[in-house]
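*Asks:*
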Amino acid sequence: MSKEKLFMQAINEALDQAMEKDEDVILLGEDIAGGANVKHLEEKNEDSWGGTMGITRGLMPKYGRERVIDTPISEMGYMGAAVGMAVTGLRPVPELMFNDFIGFALDSILGQGSKMRYMFGGKATVPMTVRTMHGAGASAAAQHSGSYYGMLGSIPGVKVVVPATPYDAKGLMLSAIEDNNLVMFFEDKTLYGTKGDVPDEYYTIPIGEAAIKRGGEDLTIVTIGKMLFVGLEVAEILEKDNVSVEVIDLRTVAPWDQETVIESVKKTGRLIVIDEANPHNNTATDIASVVSDRAFDYLDGPIKCVCAPNTPVPFAANLEKLYIPNADKVLREAAEIIDDLKA
Amino acid sequence: MSKEKLFMQAINEALDQAMEKDEDVILLGEDIAGGANVKHLEEKNEDSWGGTMGITRGLMPKYGRERVIDTPISEMGYMGAAVGMAVTGLRPVPELMFNDFIGFALDSILGQGSKMRYMFGGKATVPMTVRTMHGAGASAAAQHSGSYYGMLGSIPGVKVVVPATPYDAKGLMLSAIEDNNLVMFFEDKTLYGTKGDVPDEYYTIPIGEAAIKRGGEDLTIVTIGKMLFVGLEVAEILEKDNVSVEVIDLRTVAPWDQETVIESVKKTGRLIVIDEANPHNNTATDIASVVSDRAFDYLDGPIKCVCAPNTPVPFAANLEKLYIPNADKVLREAAEIIDDLKA
Amino acid sequence: MSGKAQRMPESVSKVETSFKELVDLEVRTATDTAVKNLTSDKAKDMYKNMEDIRNFEENAKRYFAAGEIPGFVHLYAGEEAIATGVCAHLTDEDYITSTHRGHGHCVAKGGDLKGMMAEIFGKATGLGKGKGGSMHIADIDKGILGANGMVGGGFGIATGAAIRNKYKKSDRVVVCFFGDGAANEGVFHECLNMASIWKLPIVFVNENNFFAEATPQWYSSASNTIAERAVAYNMPGVRVNGKDVAGVYETAGEAIERARKGEGPTLIECVTYRNHGHFEGDEQTYKADFGEEKEWADVDPLNVFREYAIENGLVTEEELDKLREESIKDVEEAVKFAQESPEPEPEALYEDVFAD
Amino acid sequence: MSGKAQRMPESVSKVETSFKELVDLEVRTATDTAVKNLTSDKAKDMYKNMEDIRNFEENAKRYFAAGEIPGFVHLYAGEEAIATGVCAHLTDEDYITSTHRGHGHCVAKGGDLKGMMAEIFGKATGLGKGKGGSMHIADIDKGILGANGMVGGGFGIATGAAIRNKYKKSDRVVVCFFGDGAANEGVFHECLNMASIWKLPIVFVNENNFFAEATPQWYSSASNTIAERAVAYNMPGVRVNGKDVAGVYETAGEAIERARKGEGPTLIECVTYRNHGHFEGDEQTYKADFGEEKEWADVDPLNVFREYAIENGLVTEEELDKLREESIKDVEEAVKFAQESPEPEPEALYEDVFAD
Ligand SMILES: Cc1ncc(C[n+]2csc(CCOP(=O)(O)OP(=O)(O)O)c2C)c(N)n1
Ligand SMILES: Cc1ncc(C[n+]2csc(CCOP(=O)(O)OP(=O)(O)O)c2C)c(N)n1
Ligand SMILES: [Mg+2]
Ligand SMILES: [Mg+2]
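Residue numbers (UniProt numbering), protein chains in the order written: chain A, 1 to 343; chain B, 1 to 343; chain C, 1 to 356; chain D, 1 to 356.
#1: Give a yes or no on whether the minimum CB-CB distance between S2 (chain D) and chain A is below 8 Å.
#2: Taking the DSSP output, what are the residues bridged to A212 (chain D)?
#3: Using a Cβ-Cβ cutoff of less than 7 Å, which residues in the same chain neighbour R156 (chain D) once the five nearest sequence positions on both sides are dropped?
#4: Enumerate, from N- to C-terminal direction, the unbroken beta strand (DSSP E) stretches of 3 or more residues contained entirely within the stretch 221-304 of chain B.
#5: Quick one: grab the DSSP three-state call for V313 (chain A).
#6: Exposed or buried, what is T31 (chain C) when buried is set at 16 or more other beta-carbons lying within 10 Å of its beta-carbon?
#7: Can you name the start and end residues of the alpha helix (DSSP H) that D41 (chain C) belongs to?
#8: Which same chain residues end up closer than 7 Å to G149 (chain D) when comparing Cβ atoms and leaving out the 5 residues on each side of it in sequence?
#9: Give me every residue whose Cβ sits closer than 7 Å to any heavy atom of ligand 4, in chain order.
#10: Does DSSP put residue 385 (chain A) in a helix, a strand or coil?
#11: Using 8 Å as the limit for Cβ to Cβ distance, is S220 (chain C) near chain A?
#12: L127 (chain D) CB to nearest chain A CB: under 8 Å?
#13: Give the secondary structure of H134 (chain B) by DSSP, where H, G and I count as helix, E and B as strand, and everything else as coil.
#14: For I202 (chain C), which beta-bridge partners are listed by DSSP?
#15: Would the stretch 212-220 of chain A count as touching the stretch 253-273 of chain A if we require 3 or more Cβ pairs under 8 Å?
#16: Based on the DSSP secondary-structure assignment, which residues constitute the bridge partners of Y95 (chain C)?
#17: Any C-beta of chain F sitting closer than 8 Å to the C-beta of K123 (chain A)?
#18: Count Cβ pairs between the stretch 211-225 of chain C and the stretch 207-222 of chain D that sit closer than 8 Å; are there 3 or more?
#19: Is it buried or exposed, M1 (chain B), if we count other Cβ atoms within 10 angstroms and call 16 or more buried?
#20: Quick check on the DSSP output: the beta strand (DSSP E) that includes P94 (chain A) runs from which residue to which?
#21: Keeping to the same chain, check which residues put their C-beta closer than 7 Å to that of K129 (chain C); ignore five residues upstream and five downstream.
#22: Using 8 Å as the Cβ pair cut-off and three pairs as the minimum, do the stretch 46-65 of chain A and the stretch 164-172 of chain D touch?
#23: Quick one: give me the first and last residue of the beta strand (DSSP E) that V238 (chain D) is part of.
#24: Please report how far the alpha carbon of T132 (chain B) lies from the alpha carbon of I155 (chain B), in whole angstroms.
#25: Use the C-beta contact count for A5 (chain C): other C-beta atoms within 10 angstroms, 16 or more gives buried, fewer gives exposed.
#26: Among all the DSSP beta bridges, which residues are the ones paired with residue 413 (chain B)?
#27: Going by the beta-carbon positions, is the gap between residue 383 (chain C) and L127 (chain C) smaller than 8 Å?
#28: Does the distance from the CB of A158 (chain D) to the CB of G111 (chain A) come in under 8 Å?
#29: State buried or exposed for K336 (chain C), treating a residue as buried only when at least 16 other CB atoms are found within 10 Å of its CB.
#30: Run through DSSP, which three-state label would L15 (chain A) get?
#31: Going by beta carbon distance, what residues of the same chain come within less than 6 Å of D52 (chain D), once the five residues before and after it are set aside?
#32: Regarding I73 (chain B) and ligand 2, is the C-beta to nearest heavy atom distance less than 7 Å?
#33: With which residues is T266 (chain C) paired in a DSSP beta bridge?
#34: State the start and end residues of the unbroken alpha helix (DSSP H) segment that holds M184 (chain A).
#35: Taking only beta-carbon positions, decide if P265 (chain C) is within less than 8 Å of chain A.
#36: Out of B:V290, B:A334 and B:Y298, which one is the CA nearest neighbour of V306 (chain B)?
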C-alpha cells in the first residue's frame, strides 16, 4: 500500500524498516534522539528532539539508546567510530547534522572510510550510510546552507545520493543501508516538508540510476535534488513554446548514470544541468565534461550549467533567493541553445 | 640575476624574501623548523628538519622561532590559528604537510577562512597562504599521494595555485603571500628536485594567469602542475606527425585563466586537459564544462580529460605508474580527435 | 645495549603533578573584596549592559515569532552575567571570539545595537550588510572576531589572535567564549594545548548552561566539570557562578590580568542556564521544570546583580530602573532602525568574496 | 525570578575530584608478583615476538636502503616491548588499531610475516595485495584494523570497534596504539571522552617515544605526561616503562581485564624510545647522543627481558638464543618470499574500490 507522506516521514520510515530488518543497523549522531540521561525522559522512554529537524523522532523509544546513539559534539570521532563499526560488521548510519560541518569529519571519510578497502587489498568492507542535510533556502546563512555533494562525490570509494522526492528518499535510503560501501545520503532541508506517494512496504531504488521524470525530444535538463522542480517548471514553460524538454533527476551523483544522460542527449542534442552547488568542479561540470566527450557529435549547441554563484550562501532572504538557481536563470541559458527550435 | 635552482630552493627563497620584506609573514606547521626545545639545537640556533622535505630549512635560524613556529600535530587548531592571525593583521603561511591531511583541517578553511569576509560584509581580510604537498609518484601510498587542489578549488573564497616550474613556484609564492586572500599553494613532492632558472631578486607572477609553454595551432593541451611535462612530451611526439600542439600550463586552478584557454581552443578547435586528480568533479571537468559552453562553436571534436583513475593511489610502484596520467594515455585520447589532421 | 630498564631520564620517571593548585572545583561567587574593585560607574555600565543584552534578546524573540527575523536564532537570555562580567575588562583593542549564541558577547564587547539588530533582520545596514545574520555577527574594529555557526569554530581563531598579540608584544588579550558542548570538539583540545605551551594571552571562557541542544553536559562529558580539563593543559581552571556578574567580573579579571602580564591562559567555567530553548522553536522537553534544575533556572542574573549592587551601595534602585528604561529605549530604536533599513542590493550577492 | 545566585543544583556546585585515584604518574616496571603471571611458554612467546619484530625491522631497514622497499618506512625497533606486552593478552577476536609505525603491532597481533613483508615490498602476495604498503598493513580476520598513515587515524576506528563489541555483548576488547604526537590531535580528545561516557571495552596505549618526527613531547604537550590527561576523561591513567615487557604485560593485563569486564577504558602511557629515525633517511639531529637521553636510548628491551627471564628462571639462555635463531630464519624466509613474489597485475589498480 502506498500513502501520501512527507519527505521526512519517508526517511524516518526507511530508517525504521532498515532497523527492523537488521539489528546491525545503528544510528548515531548529535541529538538524533536527544535528552540522553535526562531522568524524566528516561522514565518515560522518550526521546527529546529526534534530530534537529525531528527526522529520527521515535526511533530511540522503539530501538533503545544502544541503537540510536546520541553523541557528544565530536564529528571526527564519531564519524571515525562509524567506520570502525562498519569494518567490524555493523551497519552504522551516522548523521552529520549539516553537510557544512564536513570540515570537522572529513578525514574519517576521505582518509579512512573511503580508502580502507583499497589499501587493504579488498579485505575490508565499510558498509555505512552518512546522512547529512544540505541546501539553501532556509535563511540558515553561510555555515548551514551549502551543498557539498559534489565535493564528496569526487572521492573514490564514496557513493553519493541526493533524492528529490519522498519516494526516492525512502527507496534510496534502504539501498544505501543495504549497500556494502560508504554512502553519503544528502537530504535537502527545504524538502523535508514536501509530500509524495510512498509505499508502506520495504523497497529499494538502485544507487546509480537516474530517473527520467518527464520525457522530451528537444532539450535535456539534468537536475540534482530539489533542482528537479526547477527543471520541471522550465519544462512546463517551454512546452508553451513547443519546446519539448526531457527532465532527468540524477538521484545519485556518484556514480552518476552516464548512460541515461547520454542517451537523452543523443536524442535531444541539447543539455542543461541544474546544480545548486557552487559552480566550479561540481557534478554539473562533471556531466558537461563527460557529455562533451562521449556525446560530442550529437550536440547541437553548447552545454549549459546553471549553478549557484561562486559565493558563500548569503543570509538576507532576497539575496538567498537570487543565490539558488531558478527557472528564470535556466530559461535565460536555454534561450541561447533553443533559438532555432522556437523560430 | 638568474641562476639554476631546485624547485625546493625556489620556494625556500620565496619564503625567505617574503619574510625579509614583511615582518608580518610568519610560518607555522609541523616540524617546519623541527627540534623545538631541544637544548643542543637551541644552543646552536639550529633547526632540525626544516619541514619533512627540508623546504623551510634555515628559515628558523634566520628569523627565530617566533616567526617559524613548530606546531603540535593539531591541524584544525593551527590552521584555525592561521585564520585568526590573518584576520588580526598578520600574514601567516601555515603548512599542511600533505594535502591528504585536509580532512583534519578543512573546517578552518571551508567553514572559517573562506567565508569570513563574505559573512562579515567585507569587513574582514584573511591574507594567508596555506602551503601543502600533493602528488603521486613517491610510493607514499593512498594517504600521502593524492591531489586535492580541485576539491579546494571548488570553495568560493579560496584561491588555488599549482606551480610546475621553479620559476613559477617562486613568483607565485610571492604573489600568494602578497595576496589579501586565502591562497592554497600546492607543491608536488616529485618536483622538489627538479631544476630551472630562477631570478635571485623578488618577483611576482599574477595569480590567475596561465602560461603558454609552447605555441601550437592544431590542438590545445591544458595541464596542471607536473602534468605540464606530460603535455610537453606529447607535443614533441605529435610534432613528428605534423600535429602542432599548444601547451598551456594552468598554474592557478582557482580562479583559472578562462581567457587564455578559450583563445587557444578557438584557434585549435581541439582540447585535452591533463589533471592528476581523480577524474570526477575536478579542475579538468571544470575546464571542459566552461569550454564546451563558451567555445562550443569552435570545437572540432570532443574534449578529452586525462586524469587519474577513480581509485585511491596504490602503493606498488608498477600500479602507481599506471595511476598517473602519462603520454601514452594522452596520445590514445588524442588519436580520437586528431585523426583528420594526421591523414 | 644495556638491559637496565630502570635507567630512565629523571625528567621522564619523576613527574610532579600540581592538580590541586591548578584546578579549583568549587563554584565561586563574588568574594567580599570583589565589591572594592567595583566602582559605581562600572556597576552601572555592567547593569546597563546586561539589560541591553536581555532586551536585545527578548526583542529578537518577539520579531522572530512575528516572522520578521528569519533563520536560526539562539538566545543568550539568562547568561548575561558572563559576557558582561568578562567583557567589562576589555577594550576595543582586545579580541573575542563568540559562538552561535553570540548576541550577548557582541553587545558586551561594544557591538552597535542598531548594526546588530539590522544584521539579524538581514538588512543592508547590518554589521555584515545583512549577509551573515545572527550566527555571523562581527565587528573586527571592535575586536569582535565573529559569532560562529560552527561549534568550536572560535578556538582556532582566538588562538591565532593571541599569537598575534604575543608576537606584536602588545598587552591585548583574547577571550574565547564556548559552550559545554563545544568542549567536546577536538579543536578545543588542540587549542588549549597550544595556548598553554606558547603561554598565549588568552582566556577560555566556558559557558556551561548544562545543555548542548538537547544533550545534557552530564551525559556528554566524561569529566564532571569542564574546569578540571585544565589539568590536561597544565593551566589554571576555575569555576564561577555564571549568574553572578560580580563573581564573573572578579574571576575573569584575575585571568585577564594573568594573560596581559604574559603568564598564560586560564580556563574559566561559568555555570549558567539559558532562559529559552536552544533555538527559537525548541520545545525544551529535556529541561526539568521541577526540583533543583528549575530552582537554578529561576535565578535571574539581572536581579542577582540588582540586589548585590543596592546592598553594597553601588547603585540605587532608582538608578537601576532608569538604566532599564534607557536600555528598553535603545533596543527599541535598534529594532526601528532595522525595520526601516533597506534590504541589500542584488549586487551584494556577488561582493565581498575576495579582497583586492 | 529570584535573585538567589547561590542556589545551584548540588550536582553542579559540589563536584568531587578523584585525580589522585585516577592517575598514577610514577613509571611502573614489573612488580614482584608480575613474574607469577608469566608462564615459561608465555615468556618464550613474548621473547620470540620481540625478536620477530626486531628482525623484521632490521630487514626492512636493510632492504629499504637497498632500494627494494619503496616509500616511507617507520621502524618500530626499540619499542618492541609495548606491542608484545600488550598483544600477549589478545586473541584474534580482539581488535587493534595501529599507526604509521605499525609493523610491531601487526607482528604482535599475529600478522603473517610473509604477508607483511610482501606488502611493504609492494608485492601481489602482500596482506593488502601490495596496494597499501608499510603504512597500511591490515588483517581484519586477525583483528588488525590497520596501520594508519594518518596520525590519530586509529582513534575513531578503535572506538567504533569497541562500540561493536559492547553492542554485541562480546568480551572482545580493542587496543588503540598511538604516539605522543598523536595525543595532540583533536580526535584523541573526542574519542577518549566517548570511550569513557560509554564505558567502552578499549585500552588506549600511548607510546611515548619522546618525539613526533623532530618535535619533542616536552615541547608539544602542555601536560608533562600523557597519562595525566586521563583526568579530563575520568578514566584511569598509568605510566609504565615501555622497555620492560614484563611491566607492560602486567599493566596492560589489568587494563584489558577491566575492559573485558565492562569497567571501561584505561589510558596507558608507555615510556619508550625509537632506535632509528622517524623514518628511514632521518638524520635525527634532534636526538641527544649524550647524557640521560642517550642512556635511555641504549636500554634494549630485548636484553632487559632476557635478563629478567633468566634471572626469574622462566627461560634459559640457550632457549632464548634458539628463539633468536628461529626468528632470524623466519624473517629471512619472509624476505625471500617477498622478493620472489610477483608484482600486482595491472588490473589490480582498478579493483577493490567498491565492495559488491
Ligand atoms: C561543528 C558543529 N557541530 C554541530 C553543530 C550543531 N549545533 C549547534 S549549537 C549546538 C550545541 C552547542 O552546545 P554548547 O556548546 O553547549 O552551546 P550552547 O548552545 O549551550 O550555548 C550544536 C550541536 C554546529 N553548529 N557545528
Ligand atoms: C594527520 C597527520 N598529521 C601529520 C602527519 C605527519 N606525521 C607522520 S608521523 C608524525 C609524528 C607522529 O608522532 P607520534 O604520534 O609521537 O608517533 P611516533 O612517530 O613517535 O611513533 C607526523 C607529524 C600525518 N601522517 N598525519
Ligand atoms: Mg551549552
Ligand atoms: Mg612519538
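Cβ atoms here follow ideal geometry from the backbone N, Cα and C, with glycine treated the same way.
*Replies:* If we stick to the structure as given:
#1: Residue placement at S2 (chain D) is poorly supported in this model, since its pLDDT is 44, which falls under 50; the coordinates are not used for a value here.
#2: Bridge partners of A212 (chain D): D:T215.
#3: Checking the displayed sequence, the identity of residue 156 (chain D) turns out to be Gly instead of Arg. Contacts found: V187 and C191.
#4: Fully enclosed beta strand (DSSP E) runs of 3 or longer: 245-249, 252-254 and 271-275.
#5: Secondary structure at V313 (chain A): coil, using DSSP grouped into helix, strand and coil.
#6: Burial state of T31 (chain C) is exposed, judged by a 10 Å Cβ sphere holding fewer than 16 other Cβ atoms.
#7: That run of the alpha helix (DSSP H) goes S40 to A65.
#8: So the qualifying residues of the chain are H100, M135 and H136.
#9: In chain order, the residues that have a beta carbon nearer than 7 Å to some heavy atom of ligand 4 are D:G179, D:D180, D:G181, D:E207, D:N208, D:N209, D:F210, D:F211, D:A212 and D:Q217.
#10: Chain A is shown from 1 up to 343; residue 385 (chain A) falls before or after that span and cannot be answered.
#11: Judged by the 8 Å Cβ criterion, S220 (chain C) is in contact with chain A.
#12: Interface residue (Cβ-Cβ distance to chain A less than 8 Å): L127 (chain D) is classified as such.
#13: In this structure, H134 (chain B) counts as strand in the three-state DSSP scheme.
#14: Under DSSP, I202 (chain C) shares a beta bridge with C:V174.
#15: The stretch 212-220 of chain A makes contact with the stretch 253-273 of chain A: 3 or more CB pairs, one atom from each, lie closer than 8 Å.
#16: In the DSSP output, where bridge partners are listed per residue, Y95 (chain C) has C:V174.
#17: Going by chain labels, chain F is absent from the structure shown, which instead holds the protein chains A, B, C and D.
#18: The answer is no - the stretch 207-222 of chain D does not touch the stretch 211-225 of chain C, with fewer than three Cβ pairs under 8 Å.
#19: With fewer than 16 Cβ atoms within 10 Å of its Cβ, M1 (chain B) is classed as exposed.
#20: Boundaries of the beta strand (DSSP E) harbouring P94 (chain A): R91 to F98, taken from the DSSP string.
#21: So the qualifying residues of the chain are P344 and A348.
#22: With the rule of 3 Cβ pairs closer than 8 Å, the stretch 46-65 of chain A does not count as touching the stretch 164-172 of chain D.
#23: Residue range G237 to N241 is occupied by the beta strand (DSSP E) that includes V238 (chain D).
#24: Cα to Cα, T132 (chain B) sits roughly 16 Å from I155 (chain B).
#25: Residue confidence for A5 (chain C) is low, a pLDDT of 46 falling below 50, so the modelled location carries little weight; the figure read from the coordinates is stated next. By the neighbour-count rule (16 or more Cβ atoms within 10 Å), A5 (chain C) is buried.
#26: Since the first and last residues shown for chain B are 1 and 343, residue 413 (chain B) lies out of range.
#27: It is not possible to answer for residue 383 (chain C), since the shown part of chain C is limited to 1 through 356.
#28: Taking 8 Å as the Cβ cut-off, A158 (chain D) and G111 (chain A) do not qualify as a contacting pair.
#29: By the neighbour-count criterion, in which a residue is buried when 16 or more other Cβ atoms sit within 10 angstroms of its Cβ, K336 (chain C) is exposed.
#30: Helix.
#31: Around D52 (chain D): V107 and S327.
#32: When distances are taken from the beta-carbon of I73 (chain B) to the heavy atoms of ligand 2, the shortest one is below 7 Å.
#33: For T266 (chain C), which the question treats as bridged, DSSP gives the partners C:V203.
#34: Where M184 (chain A) is concerned, there is no enclosing alpha helix (DSSP H), although the beta strand (DSSP E) it sits in stretches over L182 to D188.
#35: Not an interface residue.
#36: Ranking the options by Cα distance to V306 (chain B), first place goes to B:A334.
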